[in-house]
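A.B. asks: Starting off with a structure, shown below.
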Amino acid sequence: MTHIVLQRTAAGILTAAIALNLSACAKPPEKKGPAGLPVSVQVAKLGDITATFTLTGVVAPRQQATLSSVVSGNVQDVYVTLGQHVRAGQLLVKIDDSTLQAQAAQARAKLASVRANDVGGSSTATANLESARIAAANADANLARNQTLYKQGYVSKTALDQAQSAAAQADASYRSAQVTAQNANLQSGNSSAVADIQTAQAALDSINAQIAQTSVTAPFDGIVTLRGVDKGALASPGTALVTVSQLDP
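Below is the structure:
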């Protein structure tokens, strides 16, 4: 009876030992970590790398001019629009110059009158001198002819005397006309007459300069960045008409 119990006990111990051995050889359970992020895969290749910079600044034109009116008048026409490209010397704005044109006509008439008064006496004296010269030349030629005819017996002594008298009178008239013409020339160049001509010419030049200022042109190539007036508006000295900006060199 005792032998049987020992056998069963030994068998139980052996079974337990085998179980422990198998348990020790078994793999421990794997620990789960955090889930991985999805990753995309691209094939590497050669290419250009573009660098982008963000900067802060102020864009200013290379040069800029605001064209203002110099004379007063209604705007006759505006030939450009905002953003339009213009060339140096191109007409941008035209201010009505009809009043100035009328003033210029009056100034020209005044100048012509002053000049006529200055040279009028001289012109008359010059014409009289030329007439006297021709008359003296004709009288001398007639005297020479009568002298020849008298020697040939074809004319009387009376006719010869008359020819001599006419030639003498014509020569005297010619000399007198010479003196008159010289005096007229001296008077035409006197300081008062010269001053009157200069004053009239200066007045005309001033009006012509104002007429030229009614045409506003671009000072350089550029873009119209301001159109300050429209057709029919009243432009006064200092009124901003157009701004031209040159953005490109």
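So for the sequence shown, my numbering puts the first residue at 11; every next one is plus one. Idealized CB from N, CA, C, for every residue including glycine.
Between the C-alpha atoms of SER225 and GLN100, what's the straight-line distance to the nearest angstrom?
C.D. replies: So the alpha carbons of these two residues sit roughly 10 angstroms apart.
A.B. asks: For LEU9, name the three-state secondary structure that DSSP assigns.
C.D. replies: In this structure the chain extends from 11 to 259, so residue 9 is not present and cannot be described.
A.B. asks: Report all residues from its chain with a CB closer than 6 angstroms to the CB of ASP231; omit the five preceding and five following residues, and keep chain order.
C.D. replies: If we look at ASP231 and ignore the five residues flanking it on each side, its Cβ neighbours are ARG97, ALA98.
A.B. asks: Return the bridge partner residues of SER175 from the DSSP annotation.
C.D. replies: Looking at the DSSP assignment, SER175 forms no beta bridge with any residue, so it has no partner.
A.B. asks: For THR91 and VAL81, I'd like the C-alpha separation in whole angstroms.
C.D. replies: Straight-line Cα distance between these residues: approximately 22 angstroms.
A.B. asks: Give the single residue among SER246, LEU244, ILE221, VAL254 whose Cα lies nearest to the Cα of LEU236.
C.D. replies: Checked all of SER246, LEU244, ILE221, VAL254; the closest Cα to LEU236 is VAL254.
A.B. asks: Can you tell which of GLN179, VAL69, LYS55, ALA114 has the C-alpha that lies nearest to the C-alpha of ALA219?
C.D. replies: With distances taken between Cα atoms, ALA219 lies closest to ALA114.
A.B. asks: To which residues of the same chain is PRO247 closer than 8 angstroms at the C-beta, ignoring the five residues directly before and after it?
C.D. replies: Answer for PRO247: SER78, SER79, VAL80, VAL81, SER82, listed in chain order.
A.B. asks: In terms of residues, what are the limits of the beta strand (DSSP E) holding SER225?
C.D. replies: Element bounds for SER225: 225-227.
A.B. asks: Would DSSP call THR64 helix, strand or coil?
C.D. replies: The answer is coil: DSSP assigns THR64 none of H, G, I, E or B.
A.B. asks: Which residues share a DSSP beta bridge with ARG118?
C.D. replies: DSSP lists no partner for ARG118.
A.B. asks: Tell me which residue opens and which closes the beta strand (DSSP E) that ASP87 is part of.
C.D. replies: Looking at the DSSP string, the run of the beta strand (DSSP E) that includes ASP87 is 83-88.
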